[in-house]
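Colleague: Below is one structure. I have some questions about it.
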Amino acid sequence: MANYVIADIHGEYDAFEELLAKISFGDEDTLYILGDVLDRGPNPIKVMRKLMTMPNAICIAGNHEVMALECLEFLLQEISDKAIENLDQVTLDKLVTWQYNGASTTINEFRKLSVSEREDVIAFIQDFSAYEEMSVGEKEYLLVHAGLGNFSPEKDLSEYTIHDLVWDRGVLGEKYFDDVITITGHTPTMGIPGNPHPGYIFKLNNRIYIDCGACFPGGRLAAFCLDTGEEFYSSTHR
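With the sequence shown counted from 1, adding 412 to any position gets you the working numbering.
What follows is the structure, encoded as structure tokens:
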């Protein structure tokens with residue numbers, strides 16, 4: 413029985429399946445997904461529907477899930493001239509922002525689903541948590557997509573906004589807690605200055621960055637075992 417963390421799958425279904433095989437993920441194990449299942453890669457909805465069949469997978473929201481939830485209900489309706497005419501500026505701006513951030517693969521797969529399947533996907537994403545706190549052995553962990561934007565040691569976790577948790581990268585390498593290890597995705601490790609192994613898991617100041625750029629050339633999908641500290645990787649993205 414083991415606990416694993418994966419972040420920023422971004423529609424890379426084959427890499428996800430490869431990684432599950434590498435860690436020999438079983439029914440007694442638990443998998444924590446640190447957001448950004450959707451967008452960019454070829455099969456984001458396929459990954460999401462796979463997670464929907466996995467009762468031992470716990471999903472945390474990323475900024476791409478937040479963007480999707482702001483727009484998917486609009487896509488539930490038949491897109492007609494009337495629907496477009498009634499589109500308000502706020503929704504239009506959200507759709508443009510989401511499209512700019514790689515929504516096309518999510519939208520293409522989503523629109524192939526039946527109405528009931530679409531509703532099930534939306535309901536599933538709505539149940540994603542904002543963060544998870546846990547103890548594994550003698551170690552304490554905080555799992556969150558982006559980090560703790562506007563960090564203050566006096567703040568309770570419940571005081572952070574969704575933007576703080578899923579969008580704001582904060583100060584790179586900023587130490588949050590002495591006695592809690594914070595694990596995040598969102599920041600691809602190949603872009604971290606001073607990282608001696610770009611595209612692999614990066615550790616600094618009681619923080620672990622595990623977005624290894626699965627959807628980018630030269631990147632890969634990573635899994636981190638909370639019980640042993642082992643790192644696992646998919647094949648390099650071409």
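Every residue, glycine too, gets a C-beta built ideally from N, C-alpha and C. Bear in mind that the values here come from a model prediction, so they are computed numbers and not experimental data.
Indicate the three-state DSSP secondary structure (helix, strand or coil) for serine 526 in the structure shown.
Modeller: Taking the sequence shown and counting its residues from 1, the one referred to as residue 526 is at position 114. Three-state DSSP puts serine 526 in coil, outside helix and strand.
Colleague: With a threshold of 8 angstroms, are at least 3 pairs of Cβ atoms found where one atom belongs to the stretch 515 to 528 and the other to the stretch 428 to 446?
Modeller: Short answer: they don't touch.
Colleague: Bridge partners for arginine 619 per DSSP, in chain order?
Modeller: Within the sequence shown, the letter at position 207 stands for residue 619. According to DSSP, which records beta bridges pairwise, arginine 619 is partnered with Thr594, Leu616.
Colleague: Which of the three DSSP states is assigned to valine 508 in this structure?
Modeller: Taking the sequence shown and counting its residues from 1, one reaches residue 508 at position 96. Helix at valine 508.
Colleague: My assumption, with CB atoms under 8 angstroms, is that isoleucine 418 sits in contact with leucine 633. Please give the rounded CB distance.
Modeller: On the sequence shown, position 6 is the one that residue 418 refers to. On the sequence shown, position 221 is the one that residue 633 refers to. Rounded, the Cβ-Cβ distance is 7 angstroms, consistent with contact.
Colleague: Could you check whether the stretch 614 to 622 touches the stretch 597 to 606, counting it as contact only if at least three pairs of C-beta atoms, one from each stretch, sit closer than 8 angstroms?
Modeller: Judged by Cβ distances under 8 angstroms, the stretch 614 to 622 makes contact with the stretch 597 to 606, as three or more pairs qualify.
Colleague: What do you get for isoleucine 457, buried or exposed, if any count of 16 or more other CB atoms within 10 angstroms of its CB means buried?
Modeller: On the sequence shown, position 45 is the one that residue 457 refers to. Its Cβ being crowded by 16 or more others within 10 Å, isoleucine 457 is buried.
Colleague: So if DSSP puts asparagine 415 in a beta bridge, which residue, or which two residues, is it bridged to?
Modeller: Position 3 of the sequence shown, counted from the first residue, corresponds to residue 415. Paired residues: Thr442.
Colleague: With 16 as the cutoff for other CB atoms within 10 Å, does isoleucine 574 come out buried or exposed?
Modeller: Residue numbering aside, residue 574 sits at position 162 when the sequence shown is read from its first letter. It counts as exposed.
Colleague: Check for me: the alpha helix (DSSP H) holding alanine 427 runs from which residue to which?
Modeller: Sequence index remark: in the sequence shown, residue 427 carries index 15 (1-based). 425 to 434 is the span of the alpha helix (DSSP H), which, as asked, contains alanine 427.
Colleague: Taking DSSP as the reference, what is the three-state secondary structure of phenylalanine 644?
Modeller: Mapped onto the sequence shown, residue 644 falls at position 232. Strand, per DSSP.
Colleague: Give me, in chain order, the residues of the same chain whose beta-carbon lies closer than 6 angstroms to that of glutamate 545; leave out the 5 immediate sequence neighbours on both sides.
Modeller: If you number the sequence shown from 1, residue 545 lands on position 133. Excluding sequence neighbours, glutamate 545 sits near Leu554.
Colleague: With DSSP run on the structure shown, which of helix, strand or coil describes methionine 546?
Modeller: As a working note, residue 546 is residue 134 in the sequence shown. Strand at methionine 546.
Colleague: Kindly indicate the opening and closing residues of the alpha helix (DSSP H) around glutamate 566.
Modeller: By one-based count along the sequence shown, residue 566 stands at place 154. Here glutamate 566 belongs to no alpha helix (DSSP H), and DSSP marks it neither H nor E.
Colleague: Buried or exposed: methionine 413, going by 16 or more other Cβ atoms within 10 Å of its Cβ?
Modeller: Translated into the one-based positions of the sequence shown, residue 413 becomes position 1. Methionine 413 is exposed by the Cβ-count criterion.
Colleague: Would you check whether the ligand GDP has a heavy atom nearer than 7 angstroms to the C-beta of lysine 587?
Modeller: Looking at this structure, you won't find the ligand GDP or any other ligand, since it has none at all.
Colleague: Pick from Gly423, Leu431, Phe536: whose alpha carbon is nearest that of isoleucine 472?
Modeller: In the sequence shown, residue 472 corresponds to position 60, counting from 1. Per the Cα distances, Phe536.
Colleague: Please list the terminal residues of the continuous alpha helix (DSSP H) segment that includes isoleucine 604.
Modeller: As a first step, residue 604 is located in the sequence shown; it is residue number 192 there, counting from the start. Here isoleucine 604 belongs to no alpha helix (DSSP H), and DSSP marks it neither H nor E.
Colleague: Between histidine 422 and glycine 453, is the Cβ-Cβ spacing less than 8 angstroms?
Modeller: Residue mapping note: residue 422 aligns to position 10 of the sequence shown, counting from 1. Residue mapping note: residue 453 aligns to position 41 of the sequence shown, counting from 1. Yes, the pair counts as a contact, with Cβ atoms nearer than the cut-off.
Colleague: When DSSP labels each residue in this structure, what does alanine 634 get in the three-state scheme?
Modeller: What you label residue 634 is simply residue 222 of the sequence shown in a count that begins at 1. Alanine 634 falls in the strand class under three-state DSSP.
Colleague: Just reading off the alpha helix (DSSP H) that leucine 577 is part of, what are its end residues?
Modeller: As a working note, residue 577 is residue 165 in the sequence shown. First-last of the alpha helix (DSSP H) with leucine 577: 574 to 578.
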